[in-house]
Amino acid sequence: MTARRPGFPARLDLQSGRPRPATPAGGAVPQRGAAAPSASVHKPASTAAVGRVLPVPVTLAIPRGLGMDSAAVRNRMVQKIAAGGIDDAAVLAALQAVERHRFVDSALVNQAYEDTSLPIGLEQTISKPSVVARMLSLLRAGLVTGDGPMGGRLLEIGTGCGYQAAVMSHLATEVYSIERLRGLHERARENLRPFRLANVHLIFGDGMAGFAQGAPYAGIVAAAGGEAVPQAWLDQLAVGGRLVAPLVTSTGQQALVVIDRQAQGFSRRVLEAVHFVPLKSGIA
Ligand code: SAH
0 MTARRPGFPA RLDLQSGRPR PATPAGGAVP QRGAAAPSAS VHKPASTAAV
50 GRVLPVPVTL AIPRGLGMDS AAVRNRMVQK IAAGGIDDAA VLAALQAVER
100 HRFVDSALVN QAYEDTSLPI GLEQTISKPS VVARMLSLLR AGLVTGDGPM
150 GGRLLEIGTG CGYQAAVMSH LATEVYSIER LRGLHERARE NLRPFRLANV
200 HLIFGDGMAG FAQGAPYAGI VAAAGGEAVP QAWLDQLAVG GRLVAPLVTS
250 TGQQALVVID RQAQGFSRRV LEAVHFVPLK SGIA
């Protein structure tokens, strides 16, 4: 049922006058070995994605009354996030730069710039843009003064469709992102290919173990919530680094937790309630 990522806005196939059928995603993707940083995001962009025809009624895919340019719609999303209290200019610029509609199914493309999580298959979701903004602002607040990129290496646990990894690529020197579901890892790889983000490294593996090859990390951000922060994440955090993760608290609800590593140990703050998919162990 999954269609390839659409262009934005959707275009009619002018020759036939109606949309062409969707090409199933994932079927012809070669399998890769586990836990190896891959260079495949460096491959030449596929031009086939440009102007691809949507397998859904075109009227659904074009946000009405907003103009035809996704940058304008995205700008509206970013303005709302800024109005919601995010004042980190670099994070806002990164959100403006990344075309979120390329990370969702064609049938959901008209919701791509709403501040909502959306299904991406295999019972997982693309994170809400305001939550991505909040977590990356928290991460940066612990690491930088000023508006520039924070530099250093970042680790994301839970690549999902790759959206947040793409946003992070604008904020750091290197981004390592690990996903335990092979189907999503492959989908993220496909989604990211056209962006040619040479500093994003996608890893298929169990993020509970972190990714030691990239450590130490200036920042670690988890997109899935567990009962406890795995020791490996703490071990792989640089001194002076910050970890931001959803964690199930004593009330049974998830909350955002910020952990800073200092020379002499760790400090921890529990912030607002959040709703993330569960952190699971093993690969599938
Ligand atoms: N970062 C994504 C959100 C992904 S949802 C975005 O940009 O929108 C969270 C993801 O975490 C899911 O794809 C889920 O499969 C993954 N996940 C859960 N437990 C994991 C683990 N132990 N290791 C790696 N990924 C995990």
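Under numbering that gives the first Met the number 0, residues 0 to 283 are what the sequence shown spells out, in order.
Heads up, the beta-carbon is just placed ideally off N, CA and C, and yes, glycines get one too.
Cross-strand partners of residue i (DSSP beta bridge)
i: A272; result: A254
i: I354; result: For the chain, the structure presents residues 0 to 283; residue 354 sits outside this window and is missing.
i: E155; result: S176 and V220
i: D259; result: R241 and S266
i: I125; result: L117
For residue j and residue i, the rounded distance between their alpha carbons
i: R63; j: Q78; result: Only weak support exists for where R63 lies, its pLDDT of 44 falling under 50; the value from the coordinates is given anyway. Each residue's alpha carbon lies about 19 Å from the other.
i: R186; j: G281; result: 19 Å
i: F194; j: S168; result: 10 Å
i: V28; j: N190; result: Here V28 scores only 29 on pLDDT, less than 50, and its place in the model should not be relied on; the value that follows carries that caveat. Cα to Cα, the separation comes out at about 12 Å.
i: A60; j: V166; result: Interpretation of A60 is limited by its pLDDT of 44, a score under 50 that renders its predicted location unreliable; no figure is taken from the coordinates.
i: R241; j: A171; result: 13 Å
i: L121; j: A164; result: 19 Å
i: R192; j: G204; result: 20 Å
i: V228; j: A93; result: 27 Å
i: Q235; j: A214; result: 5 Å
i: V243; j: L278; result: 14 Å
i: D259; j: A217; result: 10 Å
i: V57; j: H100; result: Residue placement at V57 cannot be trusted, given a pLDDT of 35 that sits under 50; the coordinates are not used to answer.
i: E155; j: A88; result: 21 Å
i: F210; j: G161; result: 17 Å
i: I202; j: D86; result: 31 Å
i: M76; j: E113; result: 7 Å
i: A81; j: L91; result: 7 Å
i: Q95; j: A140; result: 19 Å
i: H274; j: E98; result: 23 Å
i: V108; j: Q261; result: 43 Å
For residue i, the three-state DSSP class (helix, strand or coil)
i: P215; result: coil
i: Y112; result: coil
i: R267; result: strand
i: G161; result: coil
i: V294; result: In this structure the chain extends from 0 to 283, so residue 294 is not present and cannot be described.
i: G120; result: strand
i: G225; result: strand
i: L278; result: coil
i: A71; result: helix
i: F210; result: coil
i: Q230; result: helix
i: L328; result: In the structure as shown, the chain starts at 0 and stops at 283, and residue 328 therefore has no counterpart that could be examined.
i: A171; result: coil
i: A283; result: coil
i: V55; result: Caution applies to V55, whose pLDDT of 34 falls short of 50 and renders its modelled position unreliable; the value that the coordinates give is listed next. Note: V55 maps to coil in three-state DSSP.
i: G64; result: In this prediction, G64 has a pLDDT of 38, which is less than 50 and means its spatial position is unreliable; what the coordinates show is noted afterwards. Of the three classes helix, strand and coil, the one that applies to G64 here is coil, per DSSP.
Local Cβ density within 10 Å of residue i, reported as buried at 16 or more and exposed below that
i: G159; result: buried
i: D104; result: buried
i: A33; result: Note that A33 scores a pLDDT of 35, beneath 50, so its modelled location is shaky; the value from the coordinates is reported in the next line. Per the 10 Å Cβ criterion, exposed.
i: D68; result: exposed
i: Q263; result: exposed
i: S249; result: exposed
i: H200; result: buried
i: V238; result: exposed
i: P43; result: With a pLDDT of 33 at P43, under the threshold of 50, the predicted position of this residue should be treated as unreliable, though the coordinate-derived value follows. Flag for P43 reads exposed.
i: L246; result: buried
i: R133; result: buried
Enclosing beta strand (DSSP E) for residue i [first to last residue]
i: P245; result: L236 to V247
i: Q95; result: Here Q95 belongs to no beta strand (DSSP E); instead the alpha helix (DSSP H) covers A88 to A96.
Limits of the alpha helix (DSSP H) - the one that residue i falls within
i: V103; result: Careful: V103 lies outside any alpha helix (DSSP H) and carries neither H nor E.
i: H184; result: R181 to L191
Below-8 Å beta-carbon distance, residue i vs any chain B residue
i: F102; result: Absent from the structure is chain B; it holds one protein chain and no more.
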